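Asks:
Numbering (this note's numbering), first residue to last: 16 to 970.
(1) Taking just the CA atoms, how far does residue 381 sit from residue 871?
(2) Quick check on the burial criterion: 16 or more other C-beta atoms within 10 angstroms. Buried or exposed for residue 945?
(3) Given a cut-off of 9 Å, decide if residue 494 and residue 971 are closer than it, judged by their beta-carbon atoms.
(4) For residue 621, which residues does DSSP report across the bridge?
(5) So the candidates are 191, 117, 149; which of them puts its Cα closest to the Cα of residue 165?
(6) Below 8 Å, how does it come out for the region 410-427 and the region 78-93: are there three or more Cβ pairs, yes or no?
(7) In chain order, what are the residue ranges of uninterrupted alpha helix (DSSP H) at least 4 long that sit wholly in the region 206-294?
(8) Quick check on residue 652: does DSSP put it in helix, strand or coil?
(9) Could you give the distance in angstroms between the alpha-carbon of residue 643 and the alpha-carbon of residue 551?
(10) Based on Cα-Cα distance, which residue from 521, 630, 781 lies nearest to residue 898?
(11) I need the straight-line Cα distance from residue 189 to residue 723, nearest angstrom please.
(12) Who does residue 342 pair with in a DSSP beta bridge?
(13) For residue 358, count the other beta carbons within 10 Å of its own beta carbon; 16 or more makes it buried, fewer makes it exposed. Which is it?
(14) Quick test of your reading: residue 234 and residue 187, contact by CB under 8 Å. State the CB separation rounded to the nearest angstrom.
(15) Specify the secondary structure class of residue 475 as computed by DSSP and reduced to three states.
(16) Touch check for the region 138-149 and the region 510-529: three-plus C-beta pairs under 8 Å?
(17) Between residue 717 and the rest of its own chain, which residues show a CB-CB distance below 6 Å, the 5 nearest in sequence each way excluded?
(18) Of the choices 276, 135, 882, whose alpha-carbon is the least far from that of residue 73?
(19) Grab the span of the beta strand (DSSP E) containing residue 715 for me, first residue to last.
(20) Is it the case that the Cβ atoms of residue 308 and residue 191 are separated by a distance below 9 Å?
(21) Relative to the C-alpha of residue 559, which residue among 163, 483, 708, 437 is closest?
(22) Which residue's Cα is closest to the Cα of residue 695: 731, 646, 613?
(23) Could you compute how far the alpha carbon of residue 903 sits from the alpha carbon of residue 873?
(24) Does the structure place the region 294-301 close enough to the region 101-111 that three or more beta carbon pairs sit under 8 Å?
(25) When we look at the beta-carbon of residue 458 and count the other beta-carbons within 10 Å, is it buried (16 or more) or exposed?
(26) Let's see if you can read the secondary structure: which residues bound the beta strand (DSSP E) around residue 311?
(27) Which residues mark the beginning and the end of the alpha helix (DSSP H) in which residue 735 is found?
(28) Should residue 84 go down as buried or exposed, given a rule of 16 or more other Cβ atoms within 10 Å for buried?
(29) Mind the definition here: the region 368-382 touches the region 340-358 only if three or more C-beta pairs lie below 8 Å; say whether that holds.
(30) For the candidate residues 209, 802, 599, whose alpha-carbon lies nearest to that of residue 312?
(31) Could you give the DSSP three-state label for residue 91: helix, strand or coil?
(32) Leaving out the 5 sequence neighbours to the left and right, which residues in its chain are closer than 6 Å to residue 404 when beta-carbon positions are compared?
(33) Taking 8 Å as the cut-off, does the region 600-607 touch the region 617-624 (at least 3 CB pairs, one atom from each stretch)?
(34) At what residues does the beta strand (DSSP E) containing residue 76 begin and finish?
(35) Starting from residue 188, trace the beta strand (DSSP E) in both directions and tell me its first and last residue.
(36) For residue 102, which option in 183, 156, 236 has the closest C-alpha, if you only look at C-alpha atoms?
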């Protein structure tokens, strides 16, 4: 992706920081939808995706779905080629190639896709999975023709030279270092798990490849790969959004129909993974592993197998939510695991189910293995309960409903179904297939596939003097070879400007509409805001409270976060397991979290069960018990999470920046707490915090979605009407303290896979008069792929997978940060590049040509947020948090457009001069400290083992 997402086996592990494979969609006449598509959860129907299909003479399939409720359109091109098709000796090649397709074509200079998307308020991206590479854009609807032109041009021609090939390969290497080497469990889930599960199939190779095989790739390989796989008869075009069907058909005929279908066949690649012949065990070692892990895996079925539905429901029962069997047993009851999960990875040609446990501190992988095996045995030995079965189905159907909210989500669901099955109706039928699963089906597939004889055990342990880090398997054989690729053919070049085909001009603008916001108060002072929408039957609520981590008692960081975490862990009427079960039976999402200034309690559910969902949410807010045993559990889990976070350079840097900027002021302490503060928290600490800070007179309840103001008023009054403040409100506090002198801090982590680099400057409050100039300037600096930081550090220099910045506005003076990760040896160079780009914004005005696209980026992201109930609710809540008028919602685009280059320059010069910047660099200091010290003689070096986050000095 631009975030070049690689969907690898077991990438569901939260600790990897990788998004899961996004299921997605398409739309058509209701008559074309199978009746099963309307299978319902409770009384809510999941609408069919709907689609219209046609096939061009060159073999390209086209799927279209019109949605006049949006001002946007998505264009997606799915190619039937993925990492399984990487040639032998070239693992990671399909993903590397995906990066290169964002370069030039014969009619478009390099990075044109960003000009056509980001610069008009849209976005573009791509992902590579085992079986597919997909490219997608979302843009204002009047830019549809331009995107179709561009997608056809890069299918028909690719211009790449040695310089940008080498640069982009360096970027992919940095992505490898960030995802695999710098993440404590990157090697486990990204490398060792797939290579252990599969013995013959090319799914055993990692989609991101290896440094060595990336280096082996040549420019000729790139051109031949394009000629082999990037052809119309190997592609599917999906378009959804606000368009005229006849006009769209004409554009498709104009741009895609002339593309030729090559006569050469594509290489055969249909390896059959052998049936397991007995259990297998593998043990791997890696540096900076804070907690040992164990995974059990079984070969199962491909995506289109009839048993997939039963295995999907089984997986939900096993690990989805806090009422799941693995969570209840390993995390909640036995407290032997810090994290659990399972991943039913159904690919096109084979599949597996993997269950894993990241062990709690002091626990062994042997203990984890035995506990995982016991839960799997239960699935084989006795039927699951009717309640468990219903709960898993409800969650899956509710998730399917949420997966149809936006045009790009729906398009992606369709694309995935087409790749895996070749059948556009498969995603709709899946809902009925899930509903049809019985307890006997779950037991049957557990007995068929999850047996001891088929089990693969993977142990993952910290490397030490006796056990060196395990090496990735390289040069693994594969069915596709470089020799089997099509000849490169004539080399395409960027035509002289006068000879290029002209980009179409945008059509008439389609403006996003903001809903009218109802605003009223209950008798107890609770403010209620309602943002109604028309669309799917989903409702969202969020309760915002004046209870952030800055309100933690002095010397006790983590109280606000602990209070929020404990809300779902028991009330006066329900124990924690009962709460988890109730949430999941409703197919709802309920949770809470604390930020620097506020705590947010949220709920999202289908409309037919939203009343029950809000009642449950209110019980959590108003009647928590904060039982001692639940506090102890949360303390243990939080400590394990901190151990993991403090093994990753990026997380270490982000937790340290607060102290560097704010010292011992309330904003300075890590909101999640520290390894010293968390064990010291008492029940009284959280109970008093809740009593003092959770009060209706200082809270706002925001509804969004399929709900009217009258319905919202009745719901709010029923759930919160008799809630009252407990005593007087606490006094206001100074959260940011006095401005401090800048510091340069290096936190030395020997053996770190990368260095994290952060430049931080004390910033502004959300209500500052310069908020909008700074927001626009920050977007120019570090907001998106085309930002100055990313252009300089990633695109021009190839030093990072991505670089960005955040304005970080808060209720009081916030913290501006610019950040990236790079190989350790490049840390000093990146520091200088980062400070240089920040400084330029305050030294000279940007050109109007440069600033206009950044305004469009902000307005486009705002418009897309309006399309989902949670996105809309978040926008409204953000205004309320800072006591801003609701009219700002409708005024947002105008205020962004009004920002001038001179205002940006003045705001950066006043608020964010680089002579006030502090630096935090976390990595293997032996590889960069000499160069950094030469530029910053006062640099402070703190060994990670001596880092003290409770201290204003970090020492």
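All residues carry an ideal CB built from backbone N, CA and C; glycine is no exception. Note that the coordinates shown come from a computational prediction; the quantities given were computed from them, not determined experimentally.
Replies: So, to answer that:
(1) 54 Å
(2) exposed
(3) Since the first and last residues shown for the chain are 16 and 970, residue 971 lies out of range.
(4) 553
(5) 117
(6) yes
(7) 208-212, 226-231, 234-244, 260-270
(8) helix
(9) 41 Å
(10) 781
(11) 49 Å
(12) For residue 342, which the question treats as bridged, DSSP gives no partner whatsoever.
(13) Counting Cβ neighbours within 10 Å, residue 358 comes out buried, since at least 16 surround it.
(14) Between residue 187 and residue 234 the Cβ distance is about 15 Å, and since that is not below 8 Å, they are no contact.
(15) strand
(16) no
(17) 544, 557, 888, 891, 892
(18) 276
(19) Unbroken beta strand (DSSP E) run through residue 715: 714-720.
(20) no
(21) 708
(22) 646
(23) 14 Å
(24) As far as the Cβ criterion goes, the region 101-111 does not touch the region 294-301, which means the pair count is below three.
(25) With 16 or more other Cβ atoms within 10 Å, it is buried.
(26) Per DSSP, residue 311 belongs to the beta strand (DSSP E) from 308-314.
(27) Per DSSP, residue 735 belongs to the alpha helix (DSSP H) from 724-735.
(28) exposed
(29) yes
(30) Here the closest residue by C-alpha is 209.
(31) strand
(32) 454
(33) yes
(34) 76-81
(35) Careful: residue 188 lies outside any beta strand (DSSP E), inside the alpha helix (DSSP H) at 177-191.
(36) Checking every option, the nearest Cα to that of residue 102 belongs to 236.
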